[in-house]
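S.K.: Got a structure here, written out as structure tokens. Questions coming.
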Amino acid sequence: MDVMPLLLLVAGSAAIAAAARRTPVPAPLLLVAAGLVISYVPGVPEYTLDPDVVLPIILPPLLHSAATDSSYLDLRAQLRPVALLSVGYVLFATLVVGWAAYRIVPGLSLTGALVLGAVVAPPDAVAATAVARRVGLPSRITTILQGESLVNDATAITAYRVALAAAIGEGASWAGGIGEFLLAAVGGVVVGLLLMVPIHWLRTHLKEPLLQNTLSLLIPFVAYAAAESFHASGVLAVVVVALFLGHRAWEVDFATRLQEDAVWKMVAFVLESSVFALIGLQLPVVLKGLGEYEGGRAAWYAVAVFLVVVVSRFVWVYPATFLPRMLSARIRKREDNPTWKGPFVIAWAGMRGVVSLAIAFSIPETLHDGEPFEGRNLILFLTFTTVIGTLVVQGVTLPPLIRMLKLPGRDQQAETLAEANAQAQASRAAERRLDELLSDERNALPPPLADRLRNVLERRRNAVWERLGQSNPLTGETVDDTYRRLSREMIGAERTVFVKLRDLRYIDDEMLRTLLRRLDLEEAAAYREAAE
């Protein structure tokens, strides 16, 4: 097995994604563009998306990473809009895009057109999360988009299976389609519910962080495979388990959390970068099989399908936003009245991605009776152009659109004040607990050490309040920022001395690693990671 193409893909996509962080262009767009260009460079190997790799191997860890970073409570609060988009919109788009393609493309059967509709219906979890994170959408909109993209793949894959069964001659009825959808949805949720508690119990009882993180890497694959073995939705099983684990992550020890955060950031970065590069690299594969549709006709079909995909989302999003308010007094009383701007951004943020392409590549080349699947290559081409079109057109215009609409962003002052109040309450509880412990002679400490515990606690409490204070007029830093910067400089000086002593053979490498680990933990405590 030649691993060089895989190594080139991972290394090249990671380098491009890293370079994108120094440009105003979102990394997904730069990766797709680079893939399109590189796909025609002589000597570049042909990369074909294998659905047997993408769906069971690449999709689960990406879903797991996105779901554990999501908020179960926020998603529950936005359950109605998330459900209307992840289920209602996907089915609506399947029918609308399928019917439009059937009317637009001569010779494309209705069942084949519905297959296309199901393939391009779901906005992609990777694309939505990556772009939303970069452009800084308001929290409610981000929650809705993330929630939709976590669940809609299950709806689309089920709709695709029903449409494909009809297209290849295996027969499919409305009752059978509804039954399969219910089996996939309910079965996936049930498998997730059955797995999440024992998995969490195992995570909290394993004492070795390395073992816990090994388990963490296996979890999405186990959940996906378990659900798919029962013909249920592996996507929903992964999401249910990941939401529960993310919600209860505080019960896992700190060393595991530190390692897990670093490991999953690396995994998500590598997979996301490779996935977007792979999308662009599919162009030669897609064009190779276009056959009779080569030329201007296929391009016109692609533009028409892209427009239908974009317009159909607006047609669904606005009624789904405002009709429930018109019909329910309870909703009007409980929720603020939305403006037209939020739904507009949600409608425009429906980028498609690798899942659509992977499903399209899984379309069989022959029907049930052995005849060729007419239109398969065209469906693959239209899926590719729709994915590229939404990523490029909507992805490029989304940031300026948000700036133009002047959507209210997050209230940083209010969030910092809430954080300070929460820290003050926690600090008071910690002080009471410390006094209780020190009153027991078994916990006796010399006064300097006891004062050190109190000083650390006071420092943690005051740090948040200091962010609300005045900035240094010379540097623009808050007192807290200056403290942490000076702390880092001191730690850096210590680190330099330790390395020098190792080089002079006063200490060995094992002692150096121990000392550096201690400094790393102090630096991690002094510096919270900046929000992305």
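Per this note's numbering, the sequence shown starts with residue 12, numbered consecutively. No residue lacks a Cβ here, since even glycine has one placed at the ideal position from N, Cα and C.
1. Using a threshold of 8 Å, state whether the C-beta atoms of Ala610 and Tyr171 are closer than that.
2. To the nearest angstrom, how far is the alpha carbon of Ala535 from that of Glu505?
3. Using CA coordinates, which residue listed in Asn473, Leu412 and Leu416 is at the minimum distance from Ala437?
4. Assuming Pro133 and Val366 are in contact, meaning their beta carbons sit under 8 Å apart, how far apart are those beta carbons, in whole angstroms?
5. What did DSSP end up calling Pro458 once you bin it into helix, strand or coil?
6. Is the beta carbon of Ile230 closer than 8 Å to that of His75?
7. Would you mind working out which of Trp275, Ile69, Ala167 and Leu47 sits nearest Asn109, comparing C-alpha positions?
8. Once the 5 residues before and after Arg343 are set aside, which same chain residues still bring their CB inside 6 Å of it?
9. Thinking just about the alpha-carbon of each residue, which of Ile69, Ala358 and Leu47 is nearest to the one in Phe280?
10. Report the partner residues of Pro383 according to the DSSP bridge assignment.
11. Among Thr267, Leu161 and Gly257, whose alpha-carbon lies nearest the alpha-carbon of Val93?
12. At what residue ranges does the segment 37 to 111 contain a whole run of the alpha helix (DSSP H), taking only runs of 4 or more?
13. Identify which residue in Thr169, Ser498 and Ile179 has its Cα closest to the Cα of Leu193.
14. Looking only at its chain, what residues have a beta carbon closer than 6 Å to the beta carbon of Trp327, apart from the 5 residues adjacent to it on each side?
15. Output the residue ranges of the beta strand (DSSP E) runs that lie fully inside the segment 381 to 418 and measure 3 residues or longer, sorted by chain position.
16. In whole angstroms, what separates the C-alpha of Ala542 from that of Ala176?
17. Should Met15 go down as buried or exposed, given a rule of 16 or more other Cβ atoms within 10 Å for buried?
18. Select from Phe265, Ala371, Lys511 and Thr332 the residue whose C-alpha is nearest the C-alpha of Asp61.
19. Could you give the distance in angstroms between the alpha-carbon of Ala1 and the alpha-carbon of Leu460?
20. Could you give the residue range of the alpha helix (DSSP H) that holds Ser120?
21. For the alpha helix (DSSP H) holding Lys352, just list the boundary residues, first then last.
22. CA-CA distance, Glu540 and Leu66?
23. Name the two residues that bound the continuous alpha helix (DSSP H) containing Lys218.
24. With a Cβ-Cβ cutoff of 8 Å, do Gln293 and Phe395 count as a contact?
25. Quick check on this structure: which residue in Arg32, Thr59, Leu42 and Arg33 has the alpha carbon closest to the alpha carbon of Gly300?
26. In terms of residues, what are the limits of the alpha helix (DSSP H) holding Glu283?
27. Among the residues of its own chain, which have a CB less than 7 Å from the CB of Val398, if the five just before and after it don't count?
28. Per DSSP, what kind of secondary structure is Val14 in: helix, strand or coil?
29. Who are the Cβ neighbours of Ala31 in its own chain at under 6 Å, not counting the five residues just before and after it?
30. What whole-angstrom Cβ distance do Asp79 and Leu256 have, given they're in contact under 8 Å?
31. For Trp327, report the span of its alpha helix (DSSP H) as first-last.
32. Mind checking Asp531: buried by the 16 CB within 10 Å criterion, or exposed?
33. Is it the case that the Cβ atoms of Val208 and Ala243 are separated by a distance below 8 Å?
34. Closer than 8 Å by C-beta to Val263: which residues in its own chain qualify, once you throw out the five before and the five after it? Chain order, please.
35. Between Ala433 and Arg439, what straight-line distance do the alpha-carbon atoms span, to the nearest angstrom?
M.R.: Judging by the given coordinates:
1. Outside the displayed span of the chain (12 to 543) sits residue 610, for which this structure offers no information.
2. 15 Å
3. Asn473
4. 6 Å
5. helix
6. yes
7. The residue you asked about is not Asn; residue 109 is Gly in the sequence shown. Of Trp275, Ile69, Ala167 and Leu47, the residue nearest in Cα terms is Ala167.
8. Arg336
9. Ile69
10. Thr377
11. Leu161
12. 38 to 49, 70 to 79, 83 to 88 and 90 to 94
13. Thr169
14. Tyr100 and Phe103
15. none
16. With a pLDDT of 33 at Ala542, under the threshold of 50, the modelled position of that residue is not reliable, and no figure is offered here.
17. exposed
18. Ala371
19. Nothing about residue 1 can be read from this structure; the chain reaches only from 12 to 543.
20. From DSSP, Ser120 is part of no alpha helix (DSSP H); its letter is neither H nor E.
21. Lys352 to Trp359
22. Its pLDDT being 39, under 50, Glu540 is placed unreliably by the model, and the measurement read from it follows with that caveat. Distance between the alpha carbons of Glu540 and Leu66 is about 32 Å.
23. Run containing Lys218: none; DSSP gives neither H nor E here.
24. yes
25. Thr59
26. Phe265 to Leu292
27. Ile290, Arg363, Gly364, Ser367 and Leu368
28. coil
29. Ala38 and Leu41
30. Checking the sequence shown, residue 79 turns out to be Thr, not Asp. Their Cβ separation, rounded to whole angstroms, is 6 Å, which keeps Thr79 and Leu256 in contact under 8 Å.
31. Gly307 to Leu338
32. exposed
33. no
34. Arg214, Thr215, Gln223 and Glu271
35. 10 Å
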